[in-house]
Every structure is written in C-alpha cells, then in structure tokens.
Amino acid sequence: MEKETNYLVLEVHNAYAVVLDNSGRFIKAANCGYEVGDTVDSIIPMIYPQDKKKRTNNIIRLAASLAACICLCVFGIYEYQFMYTEYGSVHMQINPEVEITLSRSGRVLDIEGENADGKELVKDYEYKGKDKETVVDELADLAIEQQYLADAGRISIEVDARSDEWAKKMETEITDELNDHLQRQGMAIEITIGPVEDGNDTEDKEILKESQSVTIPIPGTADKTDDSAAESDDDSDDGVTDYSVPSSPSSAQSSSSAPSSAPAQSDSGYDSSGNSPYDSSGNSSYDSNGSSSYSDSSYSSTESSSDDNDDDD
Numbered sequence: 001m002e003k004e005t006n007y008l009v010l011e012v013h014n015a016y017a018v019v020l021d022n023s024g025r026f027i028k029a030a031n032c033g034y035e036v037g038d039t040v041d042s043i044i045p046m047i048y049p050q051d052k053k054k055r056t057n058n059i060i061r062l063a064a065s066l067a068a069c070i071c072l073c074v075f076g077i078y079e080y081q082f083m084y085t086e087y088g089s090v091h092m093q094i095n096p097e098v099e100i101t102l103s104r105s106g107r108v109l110d111i112e113g114e115n116a117d118g119k120e121l122v123k124d125y126e127y128k129g130k131d132k133e134t135v136v137d138e139l140a141d142l143a144i145e146q147q148y149l150a151d152a153g154r155i156s157i158e159v160d161a162r163s164d165e166w167a168k169k170m171e172t173e174i175t176d177e178l179n180d181h182l183q184r185q186g187m188a189i190e191i192t193i194g195p196v197e198d199g200n201d202t203e204d205k206e207i208l209k210e211s212q213s214v215t216i217p218i219p220g221t222a223d224k225t226d227d228s229a230a231e232s233d234d235d236s237d238d239g240v241t242d243y244s245v246p247s248s249p250s251s252a253q254s255s256s257s258a259p260s261s262a263p264a265q266s267d268s269g270y271d272s273s274g275n276s277p278y279d280s281s282g283n284s285s286y287d288s289n290g291s292s293s294y295s296d297s298s299y300s301s302t303e304s305s306s307d308d309n310d311d312d313d
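In case it helps, full-length UniProt numbering puts the sequence shown at residues 1 to 313.
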C-alpha cells in the first residue's frame with residue numbers, strides 16, 4: 001500500500017508558500033490560502049525558468065546525439081566501401097595468370113586463376129586479411145617453388161580500375177615491392193607493366209610487316225579491256241585479225257532514220273497512189289498527137305556523118 005504524501009506549510013508569502021513533504025524536501029508551491037502549520041494533501045508546485053533551461057539542454061543533447069549517429073553511419077559506409085568494396089583488379093602474369101581483386105585501400109578481396117596453371121597456383125592459397133604487397137610477394141614465392149618462375153624470368157603486372165590515376169599508382173607500388181622482394185632473394189626477375197606478348201603473336205607480327213601486293217579483280221573490267229585492245233589493234237603484220245570500230249549508236253540511228261523522211265517509191269517509178277513523177281512528154285520524141293519532133297534534115301545529117309566516119313576508116 002502506497003503511503004500518502006502530506007505537505008507541512010512552513011512559510012507563507014503572497015504568491016507562494018514553502019512546504020515540507022514526507023521525504024524532507026522543501027518545495028515552493030502556489031499559495032492557496034495556506035497558513036503556517038497547515039498540513040495539506042496536494043499542492044501546485046511552482047516551475048522556474050531554470051527548469052525550462054534544463055529541458056532546452058536536454059533537447060540539444062538529443063539533437064547532438066542524433067547528429068553523431070548520422071556521422072558514424074556515413075563514416076561507417078564510406079569505410080566499408082573503402083575497405084571491402086571492389087575498386088580494381090591486378091592481372092599478374094608469370095606463366096600462371098592470376099587476377100587479384102582489390103578494394104580502394106589495396107586490401108585483397110578475391111583471387112582467381114585465369115588459366116589452368118593459375119588455378120593450380122592459387123588452389124590452396126589463403127589471401128583473406130592480407131594487403132596487395134603481401135599477396136604478390138607470396139604468389140611469386142609459390143611460383144618459384146612450383147618451378148613456374150626462375151632466374152631471367154619475367155612477371156607482368158597490369159591493373160584495371162575505375163580511376164586511371166589509382167591504377168598507375170597500384171602498378172608502381174606492386175612492381176617496386178616485387179623488385180625489392182626478389183632482389184632480397186638474389187633472383188634476377190624482370191618486372192614489366194602491361195600484358196605479356198606471346199611468341200606466336202610476335203612471329204605473326206613480323207610476317208605481317210613484310211610488304212605484300214594484292215590484286216583485286218573488278219567484274220566486267222577484263223572484258224572491256226579485251227574489247228578495247230582488239231579495237232585498237234591496227235597492226236596488220238602481227239597475225240591477228242583486226243576489227244573495225246563499230247559505229248556509234250547515234251550515227252546508226254541517224255542513218256536508219258534518214259530513209260523515213262523520203263516518200264517510199266518502187267523501182268517502176270510509180271508511187272503508192274499509182275502516179276508517175278514523169279510529165280506527159282516523157283523521154284519520147286513524140287507529142288501527144290503522135291507526131292515526131294525530129295526532121296528529115298536532122299536525120300540525113302546524122303546519117304552522112306556516120307558515112308564519113310566509115311570512109312575515114
């Protein structure tokens with residue numbers, strides 16, 4: 001059973017009164033007509049500006065806490081992406097070919113063999129929690145142990161990433177680390193940046209460097225060339241029959257169209273209507289009445305001239 005709280009009035013003022021509760025606390029309450037020495041069951045506590053300040057401070061503290069939580073979340077997401085999100089990949093070629101997936105910080109996220117030897121090289125290799133420098137050094141050591149790499153060998157490093165600047169930086173750091181690591185082991189290994197060219201590809205490139213001429217025939221050109229050669233052959237001593245140049249279509253057309261302009265006539269001298277182009281006199285020496293235009297004198301002179309010719313003979 002809860003104990004009832006009683007308040008003993010100790011001081012009385014115009015606006016408020018000071019009371020004492022059962023716990024021994026002094027409380028200022030509104031003066032509701034109290035008298036000193038009165039015992040009351042309920043009071044109206046007075047609220048001071050100091051309490052309002054406390055509430056304001058509590059709100060500020062809550063807002064600051066929320067802001068700090070937001071900052072932590074944003075920083076955590078960025079840190080996660082920086083450490084655990086794929087940003088680029090390193091292609092390491094010895095004879096085994098290995099692809100190393102990196103985060104932006106250079107942390108190794110995954111390793112995969114790109115050919116049969118590469119898969120054999122990384123089959124039992126543990127890469128989790130290691131950075132790129134440690135992984136490339138250990139992969140080079142594994143290649144030496146498995147006799148994939150020896151003195152005068154070569155390792156090629158190529159980095160693919162979203163940022164070209166970051167890729168170049170990774171290539172430089174990895175090649176420098178490999179050079180230092182292999183030199184400490186006393187091995188002379190060539191470290192290059194970029195893919196390794198195959199020997200067969202090099203031979204193909206050398207063959208292609210030689211100059212070659214290729215003739216591409218055009219359909220129809222050969223026939224035209226033969227015809228033009230036959231038409232232009234004017235030498236009668238080469239034992240080849242010479243052909244004349246055929247007339248152009250325009251001249252043939254003009255010659256064929258010329259007879260059409262003249263009226264069609266038969267060999268008898270009559271046209272298609274049965275009319276003769278000769279006049280009534282014709283070539284005969286007779287007129288329309290049947291009389292001859294020649295005289296006897298003209299006939300006799302002609303005959304005498306023929307006799308004189310005979311005498312001369």
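Even glycine gets a Cβ: it sits at the ideal position worked out from N, Cα and C.
Going by the CB atoms, is the gap between residue j and residue i shorter than 7 Å?
{"i": "PRO96", "j": "ASP117", "result": "yes"}
{"i": "residue 355", "j": "TYR87", "result": "With the chain represented from 1 up to 313, any question about residue 355 goes unanswered, as that position is not in the structure."}
{"i": "GLY153", "j": "ILE193", "result": "no"}
{"i": "VAL122", "j": "ILE174", "result": "no"}
{"i": "GLU112", "j": "GLU133", "result": "no"}
{"i": "residue 320", "j": "GLU171", "result": "This structure leaves residue 320 out entirely; the chain is present only between 1 and 313."}
{"i": "TYR148", "j": "ILE94", "result": "yes"}
{"i": "THR5", "j": "ASP21", "result": "yes"}
{"i": "ASP151", "j": "MET187", "result": "yes"}
Hey, how far is the Cα of residue i from the Cα of residue j?
{"i": "ARG61", "j": "VAL9", "result": "37 Å"}
{"i": "TYR7", "j": "CYS69", "result": "45 Å"}
{"i": "ALA30", "j": "ILE59", "result": "28 Å"}
{"i": "ASP124", "j": "GLN146", "result": "13 Å"}
{"i": "GLN185", "j": "THR101", "result": "26 Å"}
{"i": "ALA64", "j": "ILE47", "result": "26 Å"}
{"i": "ILE218", "j": "HIS91", "result": "48 Å"}
{"i": "THR85", "j": "GLU79", "result": "9 Å"}
{"i": "ILE191", "j": "ILE155", "result": "5 Å"}
{"i": "MET83", "j": "ASP160", "result": "18 Å"}
{"i": "CYS73", "j": "ARG25", "result": "45 Å"}
{"i": "SER89", "j": "GLN183", "result": "25 Å"}
{"i": "GLY129", "j": "ASP180", "result": "22 Å"}
{"i": "SER163", "j": "LYS119", "result": "28 Å"}
{"i": "GLN81", "j": "LEU66", "result": "23 Å"}
{"i": "ILE143", "j": "THR215", "result": "It should be pointed out that residue 143 corresponds to Ala in this sequence rather than to Ile. Going from the Cα of ALA143 to the Cα of THR215 covers about 51 Å."}
{"i": "GLU126", "j": "ASP176", "result": "23 Å"}
{"i": "LYS168", "j": "CYS71", "result": "32 Å"}
{"i": "HIS13", "j": "PHE75", "result": "58 Å"}
{"i": "LYS28", "j": "THR56", "result": "22 Å"}
{"i": "CYS32", "j": "SER23", "result": "22 Å"}
{"i": "LEU178", "j": "ALA140", "result": "8 Å"}
{"i": "GLU11", "j": "VAL36", "result": "6 Å"}
{"i": "ALA17", "j": "PRO45", "result": "10 Å"}
{"i": "ASN115", "j": "GLU165", "result": "28 Å"}
{"i": "ASP41", "j": "LYS54", "result": "28 Å"}
Should residue i go down as buried or exposed, given a rule of 16 or more other Cβ atoms within 10 Å for buried?
{"i": "ILE43", "result": "buried"}
{"i": "TYR34", "result": "buried"}
{"i": "VAL19", "result": "buried"}
{"i": "residue 318", "result": "No answer is possible for residue 318: it lies beyond the span of the chain, which begins at 1 and ends at 313."}
{"i": "PRO195", "result": "exposed"}
{"i": "ASP310", "result": "Unreliable placement is indicated for ASP310, whose pLDDT of 48 sits below 50; the coordinate value is still reported in the next sentence. Exposed."}
Kindly identify the DSSP beta-bridge partner or partners of residue i.
{"i": "SER89", "result": "THR101 and ASP160"}
{"i": "ALA29", "result": "ALA17 and PRO45"}
{"i": "ARG154", "result": "GLU190"}
{"i": "ARG107", "result": "ASP131"}
{"i": "GLY113", "result": "VAL98"}
{"i": "TYR78", "result": "None; TYR78 has no bridge partner."}
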